[in-house]
Structure formats: C-alpha cells, structure tokens
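Engineer:
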Amino acid sequence: MSLQDVINRYGSNDIKKIFSEEARIEKMLNVEAALVRALAEFNEIPKEAADAISQKAKTKFVTPKRIKELEKKFKHEIVALINALAEQCEAYGEYVHFGATSNDIIDTAWALQLKDSLKIIGEKLIETSQILCEYALKHKDLVMVGRTHGQHALPITLGFKFAVYAAEVSRHIERLQEMLKRVLVGKIRGAVGTMASFGPNALEIEKRVLEELKLKPAEITTQVICRDRYAELISWIAITGSTFDKIAIEIRNLQRTEILELAEGFDISEQIGSSTMPHKQNPIDCEKISGLAKVLRGFVIPSLENIPLWHERDLTNSSSERFIIPLSIIILDEILSSMIKILRGLRIYPENMKKNLELSRGAIMAEAVMMALARKGMGKQRAYKLIRELTVKSQVENRDLKSVLQENEEVRKYLNTDELNYITIPSNYLGKARDIIFNTIKIVQERIKHFRSCEYLENEYTDQLKIANHY
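Quick note on numbering: the sequence shown equals residues -1 to 469 in our numbering.
1. Express the C-alpha separation of CYS224 and ALA189 in angstroms, rounding to a whole number.
2. Going by C-alpha distance, which of PRO276, ILE305 and ILE247 is nearest ILE282?
3. Quick one: what does DSSP say LEU341 is sitting in, helix, strand or coil?
4. Are the stretch 121 to 134 and the stretch 80 to 90 in contact at 8 Å, needing three or more beta carbon pairs?
5. Would you tell me roughly how many angstroms separate the C-alpha atoms of ALA216 and LEU116, rounded to the nearest one?
6. Could you check whether the stretch 48 to 62 touches the stretch 103 to 117, counting it as contact only if at least three pairs of C-beta atoms, one from each stretch, sit closer than 8 Å?
7. Relative to the alpha-carbon of GLU310, which residue among MET337, LYS400, ILE327 and GLY191 has its alpha-carbon at the smallest distance?
8. What number of angstroms, rounded off, separates the C-alpha of GLU210 from the C-alpha of ALA164?
9. Just how far apart, CA to CA, sit ASN414 and CYS284?
10. Can you find a CB in chain B that lies within less than 8 Å of the CB of LEU182?
11. Can you give the beta carbon distance from GLY360 to ASP416, rounded, assuming they're within the 8 Å contact cut?
12. Just to confirm before moving on: does the CB-CB distance between TYR347 and GLU259 stay below 8 Å?
13. For PRO276 and ASN406, I'd like the C-alpha separation in whole angstroms.
14. By Cβ distance below 6 Å, which residues in the same chain neighbour ALA161 in space, the five residues on each side in sequence not counted?
15. Quick check on DSSP: helix, strand or coil for ILE346?
16. Please report the distance separating the alpha-carbon of PRO324 from that of PHE17.
17. Do you know whose CA, among LEU403, ILE270 and LYS244, lies nearest LEU480's CA?
18. Count Cβ pairs between the stretch 230 to 248 and the stretch 286 to 305 that sit closer than 8 Å; are there 3 or more?
19. Thinking just about the alpha-carbon of each residue, which of ASP312, SER127, LYS58 and ARG227 is nearest to the one in SER100?
20. Work out the CA separation of THR274 and ASP139 for me, nearest whole Å.
21. What is the rounded straight-line gap between the Cα of ARG64 and the Cα of ASN28?
22. Using the rule of at least 16 other Cβ atoms within 10 Å of the residue's Cβ for burial, across every protein chain shown, is ILE218 buried or exposed?
23. May I have the straight-line CA-CA distance separating LEU201 from GLU92, to the nearest angstrom?
24. Leaving out the 5 sequence neighbours to the left and right, which residues in its chain are closer than 6 Å to ILE340 when beta-carbon positions are compared?
25. Do the CB positions of TYR412 and LEU371 come within less than 8 Å of each other?
26. Helix, strand or coil: which one does DSSP assign to ARG145?
27. By the DSSP assignment, the alpha helix (DSSP H) with ASN419 in it spans what residues?
28. Going by DSSP, what residues sit across from HIS537 in a beta bridge?
29. Find the nearest neighbour of SER195 within the set LEU37, ILE385 and ASP3, judged by alpha-carbon distance.
30. Going by C-alpha distance, which of MET26, PRO44 and LEU68 is nearest THR57?
31. Measuring straight from C-alpha to C-alpha, what distance separates MET142 and GLU132?
32. Which residue from LEU213, LYS286 and GLY296 puts its Cα closest to that of ILE237?
Here's what the structure looks like:
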C-alpha cells in the first residue's frame, strides 16, 4: 500500500476535495483576483488589468501542471503561481500580485480552506451530539454498573453515560465557535506586515479584499499570520479527537466477551472479524478511532513548534503545515464519520447489564446502606467501618451482602427489612441522574443553537435529528 493509498483511505470526499491540489490553487487564485479588484478600486492598477487578471485567475487557465513546471525552475511555489497567471494575462501580467507578499496569498487561502472544512466538521459534531442526546433520553432509566479503576463502583444509567459524552462534544462545538474568530482571518499586509507596498489606501484595500472573501482581517501580522492561531486549531482538533477516543475505548471495553453490555455493529452476512478465528466480531471502527486519535495528538507538537519563527518570519513552519493542517482535519472528519456510524449501529444488551449488576452480590450497594445508616444516626465514619467489615465478610463467605446485613444486630437497630430491601435495589440509588440528564441536554441544545448562528461560517444548519421535547 502506497502512502497515497493510506491518505485516500480516510476522510470524506467533501473534506478531501477542499484540500486537493486544485482546490488549494483555486483558493490562492481567488485571493489574487480579489486583490487586483481592490487595487483597481483605489486606482493602484488599471481596471482593465484587474478585469483581465480576474478572468484568468482560474485553474482552467492556471493549471497545476504549469505551476509545477515553473516551480521546478523558480524553486518557489507562489512565484510559480504568479508567473503561470501572468503569462495568461499578456501585458496585464505586470499587475499580478501587485504589492503582495507570498503569505498574503498563502495564509488567506488557508483561511478559506479552513472555513469550508470547519463547516463540515461543525455539522458532524452537531450530528454526533444529537445522537448522543437521543441515546441519553432513550436510556435514561437503563441501569448498569458504574465503574471506577475498572472495578464495580455504584449504579449508573446508560443514558447518564451518553449525556456525559453529549456535553463533552458540545463543549468542543462551543470551543470551535470561540476559536473561529482567531483562525478564520486573512492578511494583505506585505513583506513585514506594515502594508508599505500598498500605498495610502492600504487598510481599505485589505478590507475590500477580505470583505469579498468573507474573512476577517488579523489585527496585526508580520510577513505571516502568527502561528499561535493554527496551534490553537490543531490543539482543538487533538482534544476533540481524544474525546471520541474516550468514547471508543468505553465501547471497546464494554464489548469485552465477559462484559458485553455494548458492542459495535457487525454485518453478520459478510463482515469478517479474523482471518483465522471465524467467531470473532472485533470493534474495528472504535479501534480505528483510537489509532487515529494518537496521530492527532502527535500533530500538536509541530504546531506549537511553528509558533516561534525567526524575526518577521522564516520558512520552518511551511513544510510541516502542508501535513498537519490538512491531515488533522481529514483525520478528524474520518473519526467523526466513524463515530456517527458506530452510534447509529450500536448494539445494546440490557440483559447483560442486569447480570453484571448482580456480579458483586450486592456489594455495589454498600455506599447506599452506609449513607442510610449515617442519616439514621449511626454517624458516617462508624457506618463506613461497619459496612466495610460486612462487605469483606460477604466476600470471604461468598454470600450476598444483603443477607449479611440482615443478620447484623447493629444494622437492624437502624434499618428494618423493608428499608433494607429498598436500599439495596440499584435503581433506587441513582440520585438526581434523571434531572442531570435533562439539564445537560438543555445545555447541549443551547450550545448547538448558538453555534448555528455563528457569523464566521455563514451557514444555516438544519436539525440532523429531532430531540424529543419531554425533558
């Protein structure tokens, strides 16, 4: 398998198209065209030159093939693009890239690509959070074991678990919205950021260019847009990917044969789990997410290393950004698509949840009994010591905790049989889980609603899923 085959394996066609070679060139040509139109408006260049350049600033005329030919000669990507465009414009070619520096074009083109791609990412984050909210509501009363340190802890519900995930995903939506104002910015500021080459109307020229491209201007730049912006983006992508790694790991753990409370979907008609073990049904999509999340976390370091550049810039950021910016977004897109697929096909086994609740023979309810005794007047510390002793006794004697409790005189002083029966039922010790789920879903929906109104993406989102209005 070639490297290109590996890259082609991941990400949707829509997201990969945004980062294709032709799309990248198209975005840079869009910037060049917007620039000459603004320059003509302020009489920096003839209007007929702007018209001619605008007409030719398309990959139909300025082909990737020609740019590559010229880059071999000039050893400079933007000079190659400028010359490929200029030779299409004949005499007006002298006005191509007038007053601009390379990163006026490169960084503004990055912003255009990020704008398109983050719109897709935002849509998938919304869809994922909506599915999680639906699961949270649907399974709000499905009791299962809550685990800490891999051990049985206290009862929880599957809906509560999904609400936790929905809230975390919605925080990434919130972070994305907040981050967009720092990431979706362009620059038309020249070689060191002072705009000296654009004359007295420089600020107005930049404003016109970026208004046309529907971007905001960076407040100040050197030759490049400062790379803290991209470092924030890559860090956000890694954090977001890590959340889906977390969800995937939980599904993988709960799919263990000896647990089997949840499982990834599996096409029993054709899908193969192992080349030698016919019975295997492996959580391959969850494992893929976990593997790809490792790559995303690895991209954070080079993005941070790109912040310190020599003086007003050097070129040490450029080569790594060609990898880390497109690939991080493509990988996150793959993770999101995979998680949506997993959630839609998730297998849930309530009977195993019930069986696993009973594995500890009542020990999972030890805290509930302790708190009942404490509230009855025994005192928390004394109750803790007693219940710990009785829990150990039940384990040593391989007996149900409730029967051991019922035999204990101290316990009987405070709790009668009916009270003890009620206290040791897992579904009676869920606290405010339902209220927390409902409140969380409201918060998630508010975050989604706020994101849909985000001016930076100029996108009218439609509901991916309808959330029942019964909370």
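Note that CB positions come from ideal geometry on N, CA and C, so glycine has one too.
Structural biologist: Taking the structure as given:
1. Counted from its first residue, the sequence shown places residue 189 at position 191. Counted from its first residue, the sequence shown places residue 224 at position 226. Approximately 14 Å between the Cα atoms of the pair.
2. As a first step, residue 282 is located in the sequence shown; it is residue number 284 there, counting from the start. In this structure, ILE247 is the residue among PRO276, ILE305 and ILE247 with its C-alpha nearest to the C-alpha of ILE282.
3. Counting from 1 along the sequence shown, the entry for residue 341 is found at position 343. When secondary structure is reduced to three states using DSSP, LEU341 falls in the helix class.
4. With a cut-off of 8 Å, the stretch 80 to 90 and the stretch 121 to 134 do not count as touching, because too few Cβ pairs lie within range.
5. To locate residue 216, count along the sequence shown from 1; it is residue 218. To locate residue 116, count along the sequence shown from 1; it is residue 118. Going by C-alpha positions, ALA216 is about 19 Å away from LEU116.
6. These segments do not touch.
7. As a position in the sequence shown, residue 310 is number 312, starting the count at 1. Of MET337, LYS400, ILE327 and GLY191, the residue nearest in Cα terms is GLY191.
8. Indexing the sequence shown from 1 puts residue 210 at position 212. Indexing the sequence shown from 1 puts residue 164 at position 166. C-alpha separation (whole angstroms): 37 Å.
9. Counted from its first residue, the sequence shown places residue 414 at position 416. Counted from its first residue, the sequence shown places residue 284 at position 286. Going by the C-alpha atoms only, they are around 47 Å apart.
10. The structure shown contains no chain B, having only a single protein chain.
11. On the sequence shown, position 362 is the one that residue 360 refers to. On the sequence shown, position 418 is the one that residue 416 refers to. Actually they are not in contact, since the Cβ atoms of GLY360 and ASP416 sit about 16 Å apart, beyond 8 Å.
12. Taking the first residue of the sequence shown as position 1, residue 347 is located at position 349. Taking the first residue of the sequence shown as position 1, residue 259 is located at position 261. In contact: TYR347 and GLU259 (Cβ atoms closer than 8 Å).
13. Here residue 276 is taken as the residue at index 278 of the sequence shown, counted from 1. Here residue 406 is taken as the residue at index 408 of the sequence shown, counted from 1. PRO276 and ASN406 have their C-alpha atoms some 52 Å from each other.
14. Translated into the one-based positions of the sequence shown, residue 161 becomes position 163. Here the set comprises ALA134, ILE435 and THR438.
15. Counting from one through the sequence shown, the residue named residue 346 turns up at place 348. Per DSSP, reduced to three states, the secondary structure at ILE346 is strand.
16. In the sequence shown, counting from the first residue as 1, residue 324 sits at position 326. In the sequence shown, counting from the first residue as 1, residue 17 sits at position 19. The alpha-carbon of PRO324 is positioned some 6 Å away from that of PHE17.
17. Outside the displayed range of the chain (-1 to 469) lies residue 480, so it cannot be described from this structure.
18. Three or more beta-carbon pairs separated by less than 8 Å link the stretch 230 to 248 to the stretch 286 to 305, which places the two stretches in contact.
19. Within the sequence shown, the letter at position 102 stands for residue 100. Nearest to SER100 by C-alpha distance, out of ASP312, SER127, LYS58 and ARG227, is ASP312.
20. Walking along the sequence shown from the start, residue 139 turns up at place 141. Walking along the sequence shown from the start, residue 274 turns up at place 276. The straight-line gap from Cα to Cα measures roughly 40 Å.
21. For the purposes of this step, residue 64 is identified with residue 66 of the sequence shown, where counting begins at 1. For the purposes of this step, residue 28 is identified with residue 30 of the sequence shown, where counting begins at 1. Taking the straight line from one Cα to the other gives about 18 Å.
22. Stepping through the sequence shown from its first residue, residue 218 is reached at position 220. The residue is exposed, with fewer than 16 neighbouring Cβ atoms inside 10 Å.
23. The residue labelled residue 201 in the question sits at position 203 within the sequence shown. The residue labelled residue 92 in the question sits at position 94 within the sequence shown. Computed Cα separation, rounded: 23 Å.
24. The residue you call residue 340 lines up with position 342 of the sequence shown. Excluding its 5 nearest sequence neighbours in each direction, ILE340 has C-beta neighbours in its own chain below 6 Å: GLU262 and ASP283, listed in chain order.
25. Against the sequence shown, residue 412 aligns to sequence position 414. Against the sequence shown, residue 371 aligns to sequence position 373. Going by beta carbons, TYR412 and LEU371 fall inside the 8 Å limit.
26. Here residue 145 refers to the residue found at position 147 when the sequence shown is read from its first residue. Note: ARG145 maps to strand in three-state DSSP.
27. As a first step, residue 419 is located in the sequence shown; it is residue number 421 there, counting from the start. Where ASN419 is concerned, the enclosing alpha helix (DSSP H) stretches over 415 to 421.
28. Outside the shown range of the chain, which is -1 to 469, sits residue 537, and nothing can be said about it.
29. Mapped onto the sequence shown, residue 195 falls at position 197. Nearest neighbour of SER195 by Cα position, chosen from LEU37, ILE385 and ASP3, turns out to be LEU37.
30. Taking the first residue of the sequence shown as 1, we reach residue 57 at position 59. Ranked by Cα distance from THR57, the first of MET26, PRO44 and LEU68 is MET26.
31. Against the sequence shown, residue 142 aligns to sequence position 144. Against the sequence shown, residue 132 aligns to sequence position 134. MET142 and GLU132 have their C-alpha atoms roughly 18 Å apart.
32. As a position in the sequence shown, residue 237 is number 239, starting the count at 1. Closest by alpha carbon: GLY296.
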